[in-house]
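Here the sequence shown stands for residues 0 to 173, where the numbers follow numbering that gives the first Met the number 0.
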Amino acid sequence: MILFGRHILLFFFFWNVSLWAAPHSLNSTTTSLIPPVKILIKKAAREMILIKKGKIFKTYKVALGTNPKGHKQCEGDGKTPEGIYSISHKYTKSNFHLALQISYPNKADCAHAKKMKCSPGGLIMIHGLPKSFAYLGSKHRLYDWTLGCVAVTNAEIEEIWKHVPTGTPVEILP
Numbered sequence: 000m001i002l003f004g005r006h007i008l009l010f011f012f013f014w015n016v017s018l019w020a021a022p023h024s025l026n027s028t029t030t031s032l033i034p035p036v037k038i039l040i041k042k043a044a045r046e047m048i049l050i051k052k053g054k055i056f057k058t059y060k061v062a063l064g065t066n067p068k069g070h071k072q073c074e075g076d077g078k079t080p081e082g083i084y085s086i087s088h089k090y091t092k093s094n095f096h097l098a099l100q101i102s103y104p105n106k107a108d109c110a111h112a113k114k115m116k117c118s119p120g121g122l123i124m125i126h127g128l129p130k131s132f133a134y135l136g137s138k139h140r141l142y143d144w145t146l147g148c149v150a151v152t153n154a155e156i157e158e159i160w161k162h163v164p165t166g167t168p169v170e171i172l173p
């Protein structure tokens with residue numbers, strides 16, 4: 000009977016300790032669900048928001064594809080995609096100063112393009128200005144001029160570059 004009582008006592012001891020530790024472990028799990036950096040692009044507002052540790056770090060005005068309304072359907076349609084992606088590559092050697100490649104197309108994009116009997120396209124980037132047009136600076140935003148990419152100034156892409164690692168989530172809203 001004494002042995003059985005010890006098991007019950009040990010059970011309650013460990014159960015009590017696990018309850019005491021649970022809020023701490025839940026908090027650290029909840030905190031770890033917030034990515035350290037996230038990019039949110041609002042196409043209608045022509046804004047890209049850099050979010051760090053769940054808070055707005057900086058907002059940038061952007062230029063989009065030449066046909067910006069709606070989700071990218073096929074290669075060459077001039078649309079900037081909409082959906083959940085990530086930064087898949089960082090390019091220092093680019094025709095557009097620096098470039099962050101977005102992981103477009105995803106599986107759903109490929110399936111949709113297949114139904115449409117077209118290529119989904121690819122190489123969608125967040126990038127600076129072409130070297131020969133760097134002098135335009137923020138004036139480049141007067142028109143949507145990319146083939147589906149998201150364009151910022153060269154100074155802005157340099158700043159973004161420092162804060163955005165490969166794997167950063169990117170959400171593109173209409």
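Even glycine gets a Cβ: it sits at the ideal position worked out from N, Cα and C.
Task: Of the residues 46, 99 and 120, the one placed nearest residue 105, counting alpha carbons only - done: Locating residue 105 in the sequence shown gives position 106, counting from the first residue. Measuring from the Cα of residue 105, the nearest candidate turns out to be 120.
Task: 3-residue-minimum beta strand (DSSP E) runs that sit fully inside the stretch 81 to 117, ordered along the chain - done: 82 to 93 and 96 to 101
TODO: Could you have a look at residue 159 and say whether DSSP puts it in helix, strand or coil?
DONE: Here residue 159 refers to the residue found at position 160 when the sequence shown is read from its first residue. If DSSP states are grouped into helix, strand and coil, residue 159 belongs with the helices.
Task: Integer-rounded CB distance, given that residue 73 should sit under 8 Å from residue 118 - done: For this step, residue 118 is matched to residue 119 along the sequence shown. For this step, residue 73 is matched to residue 74 along the sequence shown. At roughly 6 Å, the Cβ-Cβ gap stays under 8 Å, so residue 118 and residue 73 are in contact.
Task: Simplified DSSP assignment, three categories, for residue 136 - done: Residue numbering aside, residue 136 sits at position 137 when the sequence shown is read from its first letter. Reduced to three states, the DSSP call for residue 136 is helix.
TODO: Determine the direct distance from the alpha carbon of residue 150 to that of residue 139, and round the result to whole angstroms.
DONE: The residue labelled residue 139 in the question sits at position 140 within the sequence shown. The residue labelled residue 150 in the question sits at position 151 within the sequence shown. Take the alpha-carbon of residue 139 and the one of residue 150: they are about 8 Å apart.
- [ ] Return the Cβ separation of residue 126 and residue 156 in integer angstroms, given the expectation that the two are a contact with Cβ distance under 8 Å.
- [x] Taking the first residue of the sequence shown as 1, we reach residue 126 at position 127. Taking the first residue of the sequence shown as 1, we reach residue 156 at position 157. With 8 Å as the limit, residue 126 and residue 156 qualify as a contact, their Cβ atoms being about 6 Å apart.
Task: Residue range of the unbroken beta strand (DSSP E) whose run includes residue 126 - done: For the purposes of this step, residue 126 is taken as the residue at position 127 of the sequence shown. It spans 124 to 126 - the beta strand (DSSP E) in which residue 126 sits, taken as one unbroken run.
Task: Residues that DSSP places opposite residue 168 in a beta bridge - done: In the sequence shown, residue 168 corresponds to position 169, counting from 1. As a beta-bridge residue in DSSP terms, residue 168 pairs with 85.
TODO: Can you tell me which of 128, 55, 63 and 153 puts its alpha carbon nearest to the alpha carbon of residue 35?
DONE: Numbered from its first residue, the sequence shown carries residue 35 at position 36. Of the listed residues, the one whose Cα sits closest to residue 35 is 55.
Open item on the list: Taking a contact to mean a Cβ-Cβ separation below 8 Å, would you say residue 103 touches residue 84 in this structure?
Closed with: Reading the sequence shown from its first residue, position 104 is the one you call residue 103. Reading the sequence shown from its first residue, position 85 is the one you call residue 84. Yes, Cβ-Cβ distance for residue 103 and residue 84 is below 8 Å.
Open item on the list: Which residue marks the beginning of the beta strand (DSSP E) containing residue 61, and which one marks its end?
Closed with: Translated into the one-based positions of the sequence shown, residue 61 becomes position 62. No beta strand (DSSP E) holds residue 61; DSSP gives it neither H nor E.
Task: Residues that residue 145 bridges to, as DSSP identifies them - done: In the sequence shown, the residue the question calls residue 145 occupies position 146. Paired residue(s): 64.
Task: Other residues of its chain near residue 166: CB distance less than 7 Å, five sequence neighbours each side excluded - done: Taking the first residue of the sequence shown as position 1, residue 166 is located at position 167. Non-local C-beta neighbours of residue 166 in its own chain, meaning closer than 7 Å and more than five positions away in sequence, comprise 85 and 86, ordered along the chain.
Task: Pairwise C-alpha distance: residue 154 and residue 40 - done: Against the sequence shown, residue 40 aligns to sequence position 41. Against the sequence shown, residue 154 aligns to sequence position 155. Near 18 Å, if we compare the C-alpha coordinates of residue 154 and residue 40.
Open item on the list: Quick check on the DSSP output: the beta strand (DSSP E) that includes residue 46 runs from which residue to which?
Closed with: Locating residue 46 in the sequence shown gives position 47, counting from the first residue. Taken as a continuous stretch (DSSP letters only), the beta strand (DSSP E) holding residue 46 covers 46 to 51.
Open item on the list: Mapping the DSSP letters down to three states, classify residue 43 as helix, strand or coil.
Closed with: Sequence index remark: in the sequence shown, residue 43 carries index 44 (1-based). Looking at residue 43 - three-state DSSP - the assignment turns out to be coil, as it is neither helix nor strand.
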